[in-house]
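**Student:** Numbering (this note's numbering), first residue to last: -8 to 111. First the structure, then my questions, so here it is.
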C-alpha cells in the first residue's frame, strides 16, 4: 500500500507541474525559477527511477517489477516514436534530442541483453 501511495503522489506532482508549465506562466520565468524547475525535474527523475528498486520479497514482486519496467520501456518508446513521426510529417522539423532519446533506450536494452546473455 505504501508503494501505491508513493506512485499516486508522484503522479499528482507531475500532473500539477505539467499544468503549471502548460498554462503559460512558465514563459516568462526568471533564471532562479528556471534553475528551480530543472532541479525539481532532476530530483523527480531520480526518485521515480528508483521506485520499486528495493529488495524483493518473493517471485510475485519480481514479476510485477519486470512487467512495470517493460510497460514503462514500451510507453517511452511509443511516445518518442509518435513524437518523431508527428514532427516529421506535421512540423517538417525534427528535434534531435527525441531521436537521441529513442536511440539511447534501444541501445541500453541491447547492451543489457548482450551482457546478461554472456554473463552465465
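Cβ coordinates follow ideal geometry from the N, Cα and C atoms, glycine included.
Could you tell me how far apart the beta carbons of residue 58 and residue 75 are, in whole angstroms, since I believe they sit closer than 8 Å?
**Tutor:** Contact flag wrong, Cβ pair sits at about 26 Å.
**Student:** Just verifying my parser: in three-state terms, what is the DSSP assignment at residue 109?
**Tutor:** Residue 109 falls in the helix class under three-state DSSP.
**Student:** What residue ranges within the segment 28 to 100 form continuous alpha helix (DSSP H) runs of no fewer than 4 residues, ordered along the chain?
**Tutor:** As far as the segment 28 to 100 is concerned, its whole alpha helix (DSSP H) runs of at least 4 residues are 50 to 77.
**Student:** Are the CB atoms of residue 104 and residue 68 within a distance shorter than 8 Å?
**Tutor:** No; because the gap between Cβ atoms is not below 8 Å, this pair is not in contact.
**Student:** Inspect the beta-carbon positions of residue 38 and residue 72 and report whether they are closer than 8 Å.
**Tutor:** Their beta carbons are not under 8 Å apart, which means residue 38 does not touch residue 72 by this criterion.
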